[in-house]
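Report on the structure given below.
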Amino acid sequence: MADFSFTRRRAILLLSLTSVILITMDMRGSSVINFTRSAFGVVFRPIESATKVVTRPIGNAWNGITHYNDVVKENHRLNDLVAFNEGSTISAIASVREAQELLSLNGLPTLAGIASCTAQVVGQSPSNFTQTVEINRGSECGLKVGMPVLNAAGMIGKITDVYNKRSVVMLLTDPGYSLAVKVVNLPPPTTTTIPSGNEPTVTTTTSTTTTTLPKVTTTTGIPGFVPGNTVATSSTLAPLPGEVTLPPGDVGPNQPGKSTNSQITVPPGLDVPLRETGALEGRGISRNPIVRFIENQPRFGAVRIGAPIISAGGATSLAPPDIVIGSVSRVVNRTGTLGPILEVTLAANLKNLNFVRILLYQPTSERVKTP
Amino acid sequence: MIERILLFAENRYARLVLVGLMFLGVQTTVFNDMRPFGVCLQIMVLLAVSAGLARGSDTGAIAGFIIGLLYDMVLTTPMGLCAAVFAMVGYLAGIGQSLVYAPTWWSRMLLGAGASAIGMILLPIAFTLTGATGILNAHVLWVALIVGLFNAVLSIPTERLCRWALTEPVAVR
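Those protein sequences? They're chains A and B, same order as listed. Counting in our numbering, the first sequence runs from 5 upward without gaps. Counting in our numbering, the second sequence runs from 7 upward without gaps.
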């Protein structure tokens, strides 16, 4: 019995000691552990691929049973979304190009100037406590730990482990994820109703203006230009022949409001979107990430639901500035000088990742200086 | 050469590694997609528990350690973390089994469920001890419940598999 106890005690002690040594070595970034993992990956990959082929029908059957209704709903929603987005995509592309031209003219960095590598998501973490996915590109593509990963919708995470032909991406929802972000607070709209005649009707929003002018049959000297139904985004429209012009006092600052009896939404004065920085933190797969350390500044005002969250950038940040992350879905106000905590709805759908783009970006603080 | 391969195949822990690789393949593929109630089912824990139920606490601890180490290879958690937790779980399952006077199929299922649930609670605790934050929350209990229930269902066939894999070589030749 004594021998048995001794053997048992020795075995438990050995196992415990081995675990502690392994954990310590891994946490100190031992190359032996990395090599072992990499080698195991090479051996295990064929086994996993074979198992995937064999078990695919089971997975498909499960997904068919549990997700059929969701897929149908999602399909309908996406059809609507595609129809809605087709029109706005063209103007958005034009706007982005203009913005990039402006940034490059002013010598500011843009995402277009950063090389990238496209990869496909080949697996996700089988753990309930870490949110990671595996992609099929590695150091051969120039990937390094810390590089930001995006999909078409926006930021999805950062690279945490790099092997030769695969990498592990920590998702934004992982509790270990943190990133400096900017909250773009939209200026609060003011609504003014100006009583006037019946025509024409003018609607102004914070960013664009749509003006419907009365139909007139007038010819002009400009070839191709037909006065009448005109959509303009400028605030300086020349009065058209036959147009009813009101005295300037009645119009107020709502150019190109011209004249209306409808509600007009106008940004106050020369307000531009205000920005405040904070830190985005993941909270696990079941909860939305949050943004902390937003300063409670009167100038910044109350953060509005739907305010965009973008990466802040900076010399030490692992992501370049102005990558879309998501929008504010909930604001938790706190007393005193403590700023609010913002809950963020991510732009990217992390449950359905396929092709992703890795920006080969390194912050200036981590670049190797050439002599 | 053939003699060596036979010797290797006769080693019970070598057989366990092969079974573990099979389970790991299933864990990282089909059970990665099938997430009932939003929980990733853990058949690697089930294997460690079943080893303890089949062959007692000592063998359960060693088998749990080996299975955990295999799992650590594909996870991003620190290497050795799952090994330590699974060794504990295998050991606990073996101890639990030895305390039952006349084990029945349902007592094994209960033990399998309990040990798996304990494993699912110990894992985030160990993860937190290594410096991770935001993992220990109420969701852990939900995960433990679902994993426990599922592992209870599969514990009997897995225990039989472990009993076969961890059989001592018999000198018949």
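Just so it is clear, CB atoms sit at the ideal spot from N, CA and C, and this is done for glycine as well.
| Check | Outcome |
| --- | --- |
| Proximal residues, the stretch 17-40 of chain A versus chain B, C-beta separation under 8 Å | Leu19, Ser20, Thr22, Ser23, Val24, Ile25, Leu26, Ile27, Met29, Asp30, Met31, Ile37, Thr40 |
| Best match in B:Ala90, B:Trp170, B:Ala20, B:Phe133 for proximity to A:Thr22 [C-alpha to C-alpha] | B:Ala90 |
| Test item: CB-CB of B:Gly96 and B:Val45 under 8 Å | no |
| B:Met115 and B:Ile162 closer than 8 Å at C-beta | yes |
| Within-8 Å CB hit, A:Arg2 to chain B | There is simply no residue 2 of chain A to check, as chain A begins at 5 and stops at 375 in what is shown. |
| Residues of the stretch 41-61 of chain B with Cβ closer than 7 Å to any Cβ of chain A, in chain order | Gly44, Val45, Cys46 |
| At least three beta-carbon pairs within less than 8 Å, the stretch 59-70 of chain B to the stretch 26-40 of chain A | no |
| Check whether B:Gln103 and B:Leu117 have beta carbons under 8 Å apart | yes |
| Length of the line joining the Cα atoms of A:Asn110 and A:Asp326 | 16 Å |
| Simplified DSSP state of A:Gly330, which is helix, strand or coil | strand |
| Three-state class that DSSP yields for A:Leu176 in the structure shown | coil |
| Buried versus exposed, by CB contacts within 10 Å (16 or more), B:Gly31 | buried |
| Opposing strand residues paired with A:Thr136 [DSSP bridges] | A:Met174 |
| Cut-off 8 Å between Cβ atoms - residues of its own chain near B:Thr34, not counting five sequence neighbours on either side | Val80 |
| Where A:Thr386 falls: helix, strand or coil (DSSP) | The structure shown does not extend to residue 386 of chain A, since chain A is modelled only from 5 through 375, so no value can be given for it. |
| Coarse secondary structure for A:Thr93, derived from DSSP in three states | helix |
| Any C-beta of chain A under 8 Å from that of B:Ala93 | yes |
| Short CB-CB distance (under 8 Å) between B:Ile124 and chain A | no |
| A:Leu3 (DSSP reduced to helix, strand or coil) | Here chain A has residues from 5 to 375 only, and residue 3 of chain A is not among them. |
| Closest by C-alpha distance to A:Ala54, when choosing among B:Ile152, B:Ala67, B:Val36 | B:Val36 |
| Residue from B:Met7, B:Phe14, B:Arg10, B:Val25 whose Cα sits closest to the Cα of B:Trp170 | B:Val25 |
| Closer than 8 Å to chain A by CB, B:Ile11 | no |
| Per-residue burial, A:Phe88 [other beta carbons within 10 Å of its own, 16 or more giving buried] | exposed |
| Cross-strand partners of A:Asp165 (DSSP beta bridge) | A:Val172 |
| Presumed contact (8 Å Cβ cut-off) between B:Asn157 and B:Ser122, rounded CB distance | 4 Å |
| Inter-stretch contact (C-beta, 8 Å, three-pair minimum) for the stretch 134-153 of chain A and the stretch 348-366 of chain A | yes |
| Contact check, A:Ile139 vs A:Met151, beta carbons under 8 Å | no |
| Residues within the stretch 150-172 of chain A neighbouring chain B, beta-carbon criterion of under 9 Å | Thr164, Asp165, Val172 |
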